[in-house]
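The next block holds one structure in the form of structure tokens; read it before the comments.
In the numbering used here, the protein residues as written are 18 to 319.
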């Protein structure tokens with residue numbers, strides 16, 4: 018559906034605003050001739066703007082190509098902003114988007130992810146978890162199930178399973194689970210800023226992931242946990258705790274999402290330990306962090 022939506026959006030953008038698909042008459046004139054009603058018109062912008070809030074992206078584009086009047090209404094960026102926030106189940110984060118919400122919506126829901134851009138030849142499985150918001154510029158990366166005391170994260174140690182990143186880009190982030198299929202599968206929690214795929218530095222390859230650190234667990238691990246938290250909201254009531262990410266009885270991974278955090282827990286096959294790698298992407302040498310990965314490499318028993 019994502020690719021079809023992207024194609025329809027491209028078509029929508031290319032249609033001349035002076036061209037009507039149905040006929041050369043304006044919708045209001047055509048309707049008035051039939052109804053002769055000076056009071057009511059089907060073509061009232063406030064009504065259709067409200068109706069548009071209940072339509073998905075593909076339906077919005079299909080409505081837009083019916084006639085010029087609808088195209089003009091659906092060119093409003095607020096319609097696409099509402100659709101994006103609704104589908105992600107997020108509150109309005111305020112004015113933060115550099116790009117149009119129509120473009121952000123298309124790339125957010127077309128199935129694209131950063132690994133596909135960089136390594137299209139790899140075999141992998143991808144599953145969207147959802148979206149969350151960074152209100153602060155600091156993120157806590159964790160790979161243990163119990164949260165540290167927020168007062169004790171001044172100097173976290175990657176070897177102990179914790180890492181704090183500063184200068185994280187404020188705004189909406191999209192998270193997903195990535196499984197790279199190989200002899201030793203790699204399970205990854207992947208998160209990116211919603212604007213990443215529209216940034217020139219990412220598209221031309223000048224921005225790339227940088228290694229931040231490695232944590233080794235040299236013993237059998239029943240499961241792997243990794244989480245990404247907005248430090249400002251660690252004490253929120255909806256923050257994860259041990260009971261919400263406890264051991265699982267099946268082999269399915271469990272994703273958890275709140276307004277300001279995301280976490281992933283995986284039950285592993287027989288193994289002899291784990292290696293966890295942290296990576297981040299910056300918007301230039303001294304730029305903000307715009308993407309984060311926590312990868313779990315488990316060692317099979319031989």
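Where is the CB? At the ideal position from N, CA and C, for every residue including glycine.
DSSP places residue 225 in no beta strand (DSSP E); its state is neither H nor E. By the 16-neighbour rule on beta-carbons within 10 angstroms, residue 64 is exposed.
Where residue 101 is concerned, the enclosing alpha helix (DSSP H) starts and stops at 94 to 105. C-alpha of residue 83 to C-alpha of residue 297: approximately 44 angstroms in a straight line. Per the C-alpha coordinates, the member of 93, 68 and 216 positioned closest to residue 115 is 216. Pairing residue 75 with residue 210, the inter-Cα distance amounts to about 23 angstroms.
In this structure, residue 154 sits away from residue 181, with a CB-CB distance that is not shorter than 7 angstroms. Contact annotation: residue 224 and residue 230 have beta-carbon atoms that are not nearer than 7 angstroms. A Cβ-Cβ distance of about 6 angstroms is found for the pair residue 241 and residue 204, placing them in contact under the 8 angstroms criterion.
Residue state for residue 145 is assigned as strand, using DSSP reduced to three classes.
Following the DSSP letters along the chain, one finds residue 74 inside the alpha helix (DSSP H) bounded by residues 74 to 81. Distance from residue 237 to residue 288 at the Cβ level is roughly 6 angstroms; contact confirmed, criterion being Cβ atoms closer than 8 angstroms. Annotated as distal: residue 246 and residue 272, with beta-carbon spacing of 7 angstroms or more.
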